[in-house]
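First to last, the sequence lines map onto chains A and B.
FYI, this note's numbering numbers position 362 of the first sequence as 527, with every residue one higher than the one before it.
FYI, this note's numbering numbers position 300 of the second sequence as 465, with every residue one higher than the one before it.
There are 2 protein chains.
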Amino acid sequence: MTTLSPHDSKSPVIQAAHRAKDAAAVLAPLPRAKKDEALLAIADALEARTAEIVEANAKDVAKAREAGTSDALIDRLTLTPERVRAIASDVRDVVALPDPVGEVVRGSTLPNGLDLRQVRVPLGVVGIIYEARPNVTVDAAALCLKSGNAVLLRGSASAYESNTALVRVLRDAVDGAGLPADAVQLVPGESRESVRELMRARGLVDVLIPRGGASLIQTVVNESTVPVIETGTGNCHVYIDAQADIDTAVDVLINSKAQRPSVCNAAETLLVHQDIAAEFLPRALDALADAGVTVHADARVMAYAKESRATVVEATEEDWETEYLSYDIAAAVVDSLDKAVEHIRRWSSGHTEAIVTTSQQAARRFTQLVDSTTVAVNASTRFTDGGQFGFGAEIGISTQKLHARGPMGLPELTSTKYILTGDGHIRG
Amino acid sequence: MTTLSPHDSKSPVIQAAHRAKDAAAVLAPLPRAKKDEALLAIADALEARTAEIVEANAKDVAKAREAGTSDALIDRLTLTPERVRAIASDVRDVVALPDPVGEVVRGSTLPNGLDLRQVRVPLGVVGIIYEARPNVTVDAAALCLKSGNAVLLRGSASAYESNTALVRVLRDAVDGAGLPADAVQLVPGESRESVRELMRARGLVDVLIPRGGASLIQTVVNESTVPVIETGTGNCHVYIDAQADIDTAVDVLINSKAQRPSVCNAAETLLVHQDIAAEFLPRALDALADAGVTVHADARVMAYAKESRATVVEATEEDWETEYLSYDIAAAVVDSLDKAVEHIRRWSSGHTEAIVTTSQQAARRFTQLVDSTTVAVNASTRFTDGGQFGFGAEIGISTQKLHARGPMGLPELTSTKYILTGDGHIRG
């Protein structure tokens, strides 16, 4: 009379999703020790089969070179024996993290004597759509496995050989540890249609996490019926308040912008209170120049630029919403803290905003009014990161408000269920 | 240079959403006392203006009668002075609930001395799409206001006059309490196009919660780019284990099915372990008959039906996935607990499943393997409810895994943000 989920769809993507769902049902009740065993097997296998992985990767790299891919992208794509060892070491770090599954989030005995517990359970099937870096393949699989989820991986075509080799190694290790190999799968097919099928597999896939550029994320958000966690877009602001220590302000600004400009938690806009502009901007503009940053300045910032070493261009409205991911920063003078908040509310992607201030009142007001995943007081925007936050690992940084917001660690890869225990309790 | 969100869209729905977003920014930092004041003003206003509300409602009721609407639906639509008083009293109950906003969910001092706090914040703008009952208008507005959210209400055309009057009363009260009236708005327009615009207002509306029948919910899930919380579909199961107290089993079954069959937490399928079928089913079938329940039986249940008083029809595969919401139940005999779990995994909507057993091992296995919002052991499925769980109020029961699962109270209407405080910390 009853059978498990039908595997009779002709689509390889839907078939893979069905297999993932079945695997997820096996993973869900597993104790931590079993999952850690599989993760250790994965780390060992990555090291033992490094040659096979590097060889496959060389094909992707050769193809990328032929296609005239930039050196930066080729560097992100390349796997060396050292890099494979580092990936294996990251998997061992995941072994050391606590298992979120089974945690009792809350519990109480109800007035009628029923015992109510809310416990963490895996999400089920997690789909990850990502771009060139093959290390994401292993990182994502390890985090999903540790949290009891099956994973469907959809990497970029440019890393196809690398991902295929990595997933082969992962599946063999998982299988060898006695867990279902289908806990880790590459989404079959390289066409856009296969991505579309994945995005429409509601009921089979529990969540999709796109990791990559803004256009990838927009496509997934617009076309998916599977719930999506939006990640990564970071138009981050640094606001220098009327009362601020100038040295601190310059340090936080330069670190936020220039320590690693290519990442989502790098600052993209500087806002300066008018009362401190004359004191702060000359120093800041020189420091930005020394860091190699081009300033996209509004008229009030421009007034200070001429006497500085800064490379300056006139800001247009487009600059306020641009995530440069480069040595560029938009800059404006604002009349008040509230005007800075207004600017942020209008233009920010809601990732991270920092205030530099010596005023307790200003810090309190800024943190109350600014609605972003992270509000930093006298600290660099660059700290918004799962590793920095002590989560031990990160599957991405959510910039949406539902389910998870900010850096997502293992608990963010779980849902909960309620367990209600009685002695034949019925409702009156 | 900077202005608040542009209100220059020509669509009245998008304009309303912009106003809601601005109102949400005002609500977010408000302390509990201010929000409670507005809620008390709402309760008082509902009582003071009962005549106006009942009069508007009478127009909807008259129109519904003309249209030949069923008595049951007309009853759900009708507002009497007593019902308006009850609605006002529910609002006062919300005043008594704790404010989730500002709660520190977790916090620590990082190794570098940065203080990290994760605090609850409102979601922002919540859209509710619902069907005939006008009390939802006030309930939803009160819960959203208490949790610091602006609400966009889209009720059914059949309750248009009632909802318009209620929202007028609510907005006047909110305004009188010094809060932005646009915290509570009806979505303008009665066309389907206006719902479609609401579903596409990503970036303005933070979450949509459809409350109503399966087809409404499916439409929203399929068409919305705004994140959706799926609610309410309940194909709930009661499983009677091989070892079970027969009295308890009959009581839990009858209460789960017949105490209030029209709601989502009522049971729709009975599964019986083959080893207890001969003892349990004759008693259960008679008890179901006495409760007026028709049994849609598989062949093995049918074998017992002939000697009972039960009204029985043959079950087809369709019965296993049907949410009857009536005095009907599907019933099957299963070979084992694991077969019951398989059946549930295949057919359940993931709302609530109950096991009746005296075996600790069986209870443990069932709660581990069944992945639904609520798993009840020796308790009726009817307990899955925010009020019963002690949440004090409920905006709906989420049957999805992301963000919230099971009954949603005030905390489920919030997100979080991280506040990071340092002394000029920069990343090395």
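Just so it is clear, CB atoms sit at the ideal spot from N, CA and C, and this is done for glycine as well.
In chain B, which residues lie with their C-beta within 7 Å of the C-beta of residue i?
| i | result |
| --- | --- |
| residue 583 (chain A) | 538, 539 and 571 |
| residue 316 (chain A) | Chain B residues near residue 316 (chain A): none, gap ~15 Å exceeds 7 Å. |
| residue 261 (chain A) | Chain B residues near residue 261 (chain A): none, gap ~16 Å exceeds 7 Å. |
Can you have a look at residue i and say buried or exposed, based on whether 16 or more other CB atoms are within 10 angstroms of its CB?
| i | result |
| --- | --- |
| residue 559 (chain B) | buried |
| residue 553 (chain A) | buried |
| residue 307 (chain B) | buried |
| residue 426 (chain B) | buried |
| residue 526 (chain A) | exposed |
| residue 271 (chain A) | exposed |
| residue 532 (chain B) | buried |
| residue 269 (chain A) | exposed |
| residue 464 (chain A) | exposed |
| residue 283 (chain B) | buried |
| residue 439 (chain B) | exposed |
Residue i versus chain A: which residues are under 9 Å apart at the beta carbon?
| i | result |
| --- | --- |
| residue 427 (chain B) | Within chain A, no residue comes near residue 427 (chain B); the closest Cβ sits about 14 Å away, beyond 9 Å. |
| residue 376 (chain B) | Within chain A, no residue comes near residue 376 (chain B); the closest Cβ sits about 17 Å away, beyond 9 Å. |
| residue 445 (chain B) | What residue 445 (chain B) touches in chain A: nothing, since even the nearest Cβ is about 14 Å away. |
Which residues of chain B have a Cβ atom closer than 9 Å to the Cβ of residue i, listed in chain order?
| i | result |
| --- | --- |
| residue 180 (chain A) | What residue 180 (chain A) touches in chain B: nothing, since even the nearest Cβ is about 17 Å away. |
| residue 184 (chain A) | In chain order: nothing, as chain B lies at least about 14 Å away. |
| residue 194 (chain A) | 530, 533 and 534 |
| residue 588 (chain A) | 413, 543 and 544 |
What residue does the beta strand (DSSP E) around residue i start on, and which one ends it?
| i | result |
| --- | --- |
| residue 350 (chain B) | 349-351 |
| residue 589 (chain A) | 579-590 |
| residue 432 (chain A) | 432-438 |
| residue 521 (chain A) | 517-521 |
| residue 501 (chain B) | Taken as a continuous stretch (DSSP letters only), residue 501 (chain B) belongs to no beta strand (DSSP E), as it is neither H nor E. |
| residue 567 (chain A) | That residue, residue 567 (chain A), is in no beta strand (DSSP E); it is neither H nor E in DSSP. |
| residue 361 (chain B) | That residue, residue 361 (chain B), is in no beta strand (DSSP E); its alpha helix (DSSP H) goes 357-364. |
Which class does residue i belong to by DSSP, given the choice of helix, strand or coil?
| i | result |
| --- | --- |
| residue 461 (chain A) | strand |
| residue 492 (chain A) | coil |
| residue 174 (chain B) | coil |
| residue 180 (chain B) | helix |
| residue 280 (chain B) | strand |
| residue 323 (chain A) | helix |
| residue 400 (chain B) | coil |
| residue 314 (chain B) | coil |
| residue 272 (chain A) | strand |
| residue 392 (chain A) | coil |
| residue 407 (chain A) | coil |
| residue 476 (chain A) | strand |
| residue 188 (chain B) | helix |
| residue 286 (chain A) | strand |
| residue 345 (chain B) | coil |
| residue 298 (chain A) | coil |
| residue 367 (chain B) | strand |
Just the chain B side, please: which residues come within less than 8 Å of residue i by C-beta, in chain order?
| i | result |
| --- | --- |
| residue 372 (chain A) | 566 and 567 |
| residue 249 (chain A) | Those within 8 Å of residue 249 (chain A) in chain B number zero; the least Cβ separation is about 27 Å. |
| residue 554 (chain A) | 275, 281 and 583 |
| residue 547 (chain A) | 591 and 592 |
| residue 289 (chain A) | 536 and 566 |
Spell out whether any CB of chain D is found under 8 Å from the CB atom of residue i.
| i | result |
| --- | --- |
| residue 312 (chain A) | The structure shown contains no chain D; its protein chains are A and B. |
From what residue to what residue does the alpha helix (DSSP H) around residue i run?
| i | result |
| --- | --- |
| residue 260 (chain A) | 246-261 |
| residue 236 (chain B) | 236-242 |
| residue 487 (chain A) | Taken as a continuous stretch (DSSP letters only), residue 487 (chain A) belongs to no alpha helix (DSSP H), as it is neither H nor E. |
| residue 384 (chain A) | 379-388 |
| residue 213 (chain A) | 197-213 |
| residue 539 (chain B) | Segment 539-544 is the beta strand (DSSP E) holding residue 539 (chain B); no alpha helix (DSSP H) there. |
Report, in whole angstroms, the separation of the C-beta atoms of residue i and residue j, which I expect to be a contact under 8 Å.
| i | j | result |
| --- | --- | --- |
| residue 547 (chain B) | residue 582 (chain A) | Their Cβ separation, rounded to whole angstroms, is 17 Å, which puts residue 547 (chain B) and residue 582 (chain A) out of contact at 8 Å. |
| residue 415 (chain A) | residue 442 (chain A) | Actually they do not touch by this definition, with Cβ atoms about 14 Å apart. |
| residue 367 (chain A) | residue 390 (chain A) | 4 Å |
| residue 189 (chain A) | residue 343 (chain A) | Contact doesn't hold; Cβ gap of about 16 Å is too wide. |
| residue 242 (chain A) | residue 225 (chain A) | 6 Å |
| residue 495 (chain B) | residue 487 (chain B) | 7 Å |
| residue 256 (chain A) | residue 294 (chain A) | Actually they do not touch by this definition, with Cβ atoms about 21 Å apart. |
| residue 564 (chain A) | residue 538 (chain A) | 6 Å |
List, in order along the chain, the chain A residues whose C-beta lies closer than 7 Å to that of residue i?
| i | result |
| --- | --- |
| residue 390 (chain B) | 386 and 387 |
| residue 214 (chain B) | What residue 214 (chain B) touches in chain A: nothing, since even the nearest Cβ is about 34 Å away. |
Give the residues of chain A in contact with residue i, contact being defined as C-beta atoms less than 8 Å apart.
| i | result |
| --- | --- |
| residue 420 (chain B) | 591 and 592 |
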